[in-house]
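Input: a single structure, listed below in structure tokens.
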Amino acid sequence: MNKKTFCLILLSCTKFTANFAQEQKVYFQQEVNYKIQVTLNDEQHALSAREEIVYINNSDNELNYIYFHLYPNAYKNNQTALGKQLLKSGKTALFYSTPQEKGYIDSLNFTVNGKSLKWEYDSIHIDICKVFLDAPLKSKDTLILKTPFYVKIPSAKFSRLGHMGQAYFITQWFPKPAVYDKEGWHAMPYLDQGEFFSEYGSFEVAITLPKNYLLASTGDRVNAIEEDNFLNENVEKTIARLELGDYKEYDMGFPPSAKEFKTIVFKQFRVHDFAWFADKRFNVLHDQFELPNTKRIVDSWVFFTNKNFHLWKDAINYINESAFFYSYLLGDYPYNHITAVDGTIMAGGGMEYPNITVIGDASDPFELDVTITHEVGHNWFYGILGSNERDKPWMDEGLNSLYELRYVRAKYPKRKLSAFLGMDSTSKILGLNKTPYWKDKETAYLFSARSNNDQPIGLTSEEFSSFNYGSIVYAKTAIVFDYLMNYMGEDNFDKAMQFYYDKFKFTHPTEADLKKTLTHFNGAELDWFFNDLINSNKKIDYKVKAIDKLSDGSYNILVKNKTRTAVPFAIYAYKEDKIKGLVWSHGFENKKQVGFPPIDADKFVIDGIQSLPEINRKNNSIRTSGLFKKTNGLRINLFTGMENPYKRQLYIIPMGGVNFYNGAMAGLIFHNYALYQKKFEYYINPFFGFKSNTPCGYAEFNYNFLPKNIFRQINIGVEAKSYGYDLYRAQAFNETFGTNYKSLNLNYYKISPFIIFEIKNKDANSNRTQTISYFNHNMFKEVQDIDADTYLTFAKYRAQEKNTKLFYQ
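Under the working numbering, the first residue of the sequence shown carries the number 47, and numbering increases by one thereafter.
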């Protein structure tokens with residue numbers, strides 16, 4: 047880079063930073079600093095604690111009260127926001143739990159200068175309270191507030207806070223002020239789907255517990271030589287097992303707790319939460335790695351049980367590699383250690399906290415690596431960039447999933463989706479062995495989008511259905527930002543995200559902040575991206591209509607936008623399946639001729655690298671010569687398989703059956719049903735009945751419309767079937783017609799056209815389904831003189847609601 051170019055870039059970034067500062071004068075951020083002394087009672091599964099909070103009011107407003115989160119009360123009964131959400135999503139453990147399994151927080155007494163303050167629970171949520179101040183806390187003033195508290199630790203089978211025996215997962219456990227910003231108070235109940243939003247500050251936490259517990263926590267241990275020695279001894283024991291290749295599972299029983307107690311003090315600055323995990327059975331590994339930019343040394347730790355020793359033996363490497371990867375792409379990790387804890391016996395799966403993450407169950411080392419990477423990445427997206435995940439979950443989970451996708455693509459370029467599903471012998475049949483693993487996110491999104499069950503990325507966490515929280519918040523966000531990165535250029539995108547990280551670390555950035563940053567580095571507005579791909583569930587489907595080669599060797603390619611979602615796209619030129627060039631086109635709503643400069647190519651493909659989040663790629667390619675330029679070849683698969691975007695697929699299943707009149711039947715099923723719903727679907731099942739000595743079978747043809755109105759889907763189709771019947775006894779038939787049959791088998795033919803309207807639920811989490819159906823049944827008998835043909839037409843409305851309480855698991 048020459049000096050002039052460098053100066054221009056520096057000047058541009060300086061101006062950009064100044065504009066941010068000028069436009070964000072209203073921004074302020076409260077500071078909350080904690081000192082907590084807590085003692086674990088592992089016989090009663092309880093915490094006894096005292097808390098001192100230094101609250102600094104950086105706003106321009108006086109505060110007369112402070113909202114607090116009392117999250118352990120979320121486990122007190124099944125009428126809390128958590129209890130209702132779990133039940134609605136089909137999780138009944140809390141609903142049917144015993145009083146001993148539930149949890150709560152009490153013994154609160156908020157004081158200032160030794161004087162008790164009035165406080166009250168929220169009128170709706172018992173895990174929120176309002177503490178009234180005796181005197182207003184003025185702008186730029188500081189308040190020191192104290193309270194004791196007692197936590198009965200719930201069972202860990204409900205959500206994130208809990209215990210299983212004497213294994214403790216202590217998260218969201220202390221009284222915590224809600225965020226106060228320019229929008230006011232963000233007092234929100236605890237939810238299992240939809241996480242947390244807290245103020246930055248410092249923590250000094252003294253944890254007292256029996257001496258033989260191994261303890262992993264947010265923060266750095268302070269003056270803990272004895273505890274350091276204790277951990278190092280356990281590291282040596284774990285390494286000795288590794289060197290011996292002793293990976294077998296040992297007894298998972300809990301040893302007796304030591305009679306003596308220890309107190310370990312942890313300190314951490316510039317974080318917004320504090321979590322700790324304790325277990326007497328932990329194996330421990332420790333390592334260090336160097337950050338790519340500052341070259342600072344960071345400690346890495348893993349704590350895991352015997353149950354998963356064989357999986358976790360290399361987990362320290364997963365931490366080192368993923369933390370280095372995120373530091374390289376975004377900016378260096380700012381703390382002194384990163385820790386991962388085996389939490390496979392708790393509910394909630396993997397979950398992130400500052401400096402530390404708890405990891406859910408994993409089936410193999412690869413899955414553990416990906417899970418640890420995702421959770422380590424949350425130190426950036428949630429820990430350091432503290433966006434409001436309850437309001438914009440995609441800014442945490444979705445952006446983090448993008449970097450997880452990039453990690454997998456870089457580290458495991460040959461890994462296939464068959465590994466994710468644990469299928470080896472059947473992977474070739476299903477085509478999973480040809481699908482890259484990082485396509486798992488596109489797979490999840492298309493499953494929702496193709497059936498019109500998808501939702502806009504930009505919704506709040508509570509608005510998403512359980513499936514869409516994964517397929518949209520995590521998966522679709524990752525693939526649309528992967529597409530944006532391809533559009534902007536990887537280097538340019540990374541510069542934008544590095545600026546975003548450096549500018550907004552240890553703050554609460556918003557969607558507007560991210561949009562402004564990306565727009566600046568893109569050099570053009572990105573309204574189309576945020577309006578169409580983030581804040582709507584519009585679909586993308588570009589189609590190649592025709593191609594015209596001009597005299598100078600250039601091409602005009604006619605492209606139609608079937609969904610009218612006008613986003614940029616690239617057309618790739620191929621020669622013998624090798625990319626020879628590409629041209630980007632601005633988005634448009636109808637049709638457009640896209641010009642391609644002179645090139646020696648035999649095929650052109652819209653989005654050849656498949657980064658554009660399209661719902662249909664079968665219409666993306668066209669050949670430069672041949673009679674049927676757009677025709678895709680036919681591929682025949684047994685059973686079913688992954689969709690091939692450039693082939694027509696026919697699935698065949700050998701099938702047998704038996705009934706009374708046709709006897710044993712043999713046949714085939716021809717169909718095109720697969721993982722994703724298609725607009726046109728068919729199922730043809732011809733049989734031959736060996737008793738009746740006649741053909742029989744069933745067929746169904748469906749056309750699925752995905753309207754943008756009150757209906758989620760309109761399904762128009764027809765069913766046809768033919769099987770044997772014996773309506774009259776042979777004797778009665780012989781008497782009537784003068785025949786001498788000992789038995790009689792006749793066929794009937796039934797044709798039933800239908801139309802089904804499925805009504806869309808306003809609440810995506812609703813268990814209610816509503817359909818309006820119209821059927822026209824036409825039945826024809828083989829012997830017309832015996833019975834008249836049957837015609838039946840009817841319409842019906844059906845409403846169904848699943849009562850989760852009846853399905854106790």
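Note that beta-carbon positions come from the ideal geometry of N, C-alpha and C, so glycine has one too.
- Spatial neighbours of GLY702 in its own chain (CB-CB distance under 8 Å, excluding positions within 5 residues in sequence) are listed in chain order as ALA710, MET711, ALA712, GLY713.
- DSSP, reduced to helix, strand and coil, places ILE253 within a strand of the structure shown.
- Under the DSSP assignment, TYR196 falls in the beta strand (DSSP E) whose first and last residues are 188-198.
- DSSP lists no beta-bridge partner residue for ILE756.
- Approximately 14 Å separates the beta-carbon atoms of LEU696 and ASN731; this is outside 8 Å, ruling out the contact.
- Here DSSP, grouped into helix, strand and coil, assigns LEU237 to coil.
- Within the DSSP bridge table, the entry for THR553 names LEU431 as partners.
- Proximity to ASP238 across LEU128, PRO502, THR611 peaks at LEU128, based on C-alpha coordinates.
- Between the region 89-105 and the region 162-170, the count of Cβ pairs shorter than 8 Å is below three; the stretches do not touch.
- Residue VAL311 holds the alpha-carbon nearest to the alpha-carbon of GLU272 among TYR293, VAL311, ILE603, LEU448.
- Annotated three-state conformation of GLN639 is strand, per DSSP.
- Using a C-beta cut-off of 8 Å, the region 78-85 makes no contact with the region 129-138, since fewer than three inter-stretch Cβ pairs fall below that distance.
- Taking the C-beta atoms as reference points, TRP231 is found nearer than 8 Å to TYR113.
- In the DSSP assignment, THR284 falls outside any beta strand (DSSP E) and lies within the alpha helix (DSSP H) extending over 271-290.
- In the assembly as shown, THR188 is an exposed residue. Its beta-carbon has fewer than 16 other beta-carbons within 10 Å.
- For VAL404 and LYS591, the gap between their C-alpha atoms comes out near 51 Å.
- Of all alpha-carbon atoms in THR670, PHE575, ASP573, SER600, the one lying nearest the alpha-carbon of LYS621 is that of THR670.
- The beta carbon of ASP598 sits closer than 8 Å to the beta carbons of PRO644 from its chain, once the five residues preceding and following it are set aside; these are given in chain order.
- Per the C-alpha coordinates, the member of ALA616, GLY265, LYS649, ASN110 positioned closest to LYS624 is LYS649.
- Secondary structure at LEU93: strand, using DSSP grouped into helix, strand and coil.
- ARG316 carries a strand assignment under DSSP once its states are collapsed to helix, strand and coil.
- Excluding its 5 nearest sequence neighbours in each direction, THR523 has C-beta neighbours in its own chain below 6 Å: TRP440, GLY444, ILE503, listed in chain order.
- With contacts defined as CB atoms closer than 8 Å, GLN656 and LEU604 fail to qualify as a contacting pair.
- CA-CA distance, ALA490 to THR419, rounds to 19 Å.
- Secondary structure in the region 596-642: the beta strand (DSSP E) runs of 3 residues or longer, each lying completely within the stretch, are 601-607, 615-621, 624-631, 637-642 in chain order.
- A straight line joining the alpha-carbon of PRO555 with that of ASN811 spans about 28 Å.
- For ILE343, the secondary structure class from DSSP, reduced to helix, strand or coil, is strand.
- Look at LYS693 here: in three-state DSSP terms it is strand.
- Between TRP426 and ARG455, the C-beta spacing is not below 8 Å.
- Secondary structure note for GLY129: its alpha helix (DSSP H) is the uninterrupted segment 127-134.
- When C-alpha distances from ASN119 are compared across PRO221, TYR618, PHE349, the shortest belongs to PRO221.
- The C-beta of LEU680 has fewer than 16 other C-beta atoms within 10 Å across all chains shown, which makes the residue exposed.
- In the assembly as shown, PHE249 is a buried residue. Its beta-carbon has 16 or more other beta-carbons within 10 Å.
- Here PHE371 is buried: its Cβ has 16 or more other Cβ atoms, across all protein chains shown, within 10 Å.
- The bridge partners DSSP lists for LEU680 are ARG694.
- For the options THR481, THR385, MET397, the alpha carbon positioned closest to that of SER346 is the one of THR385.
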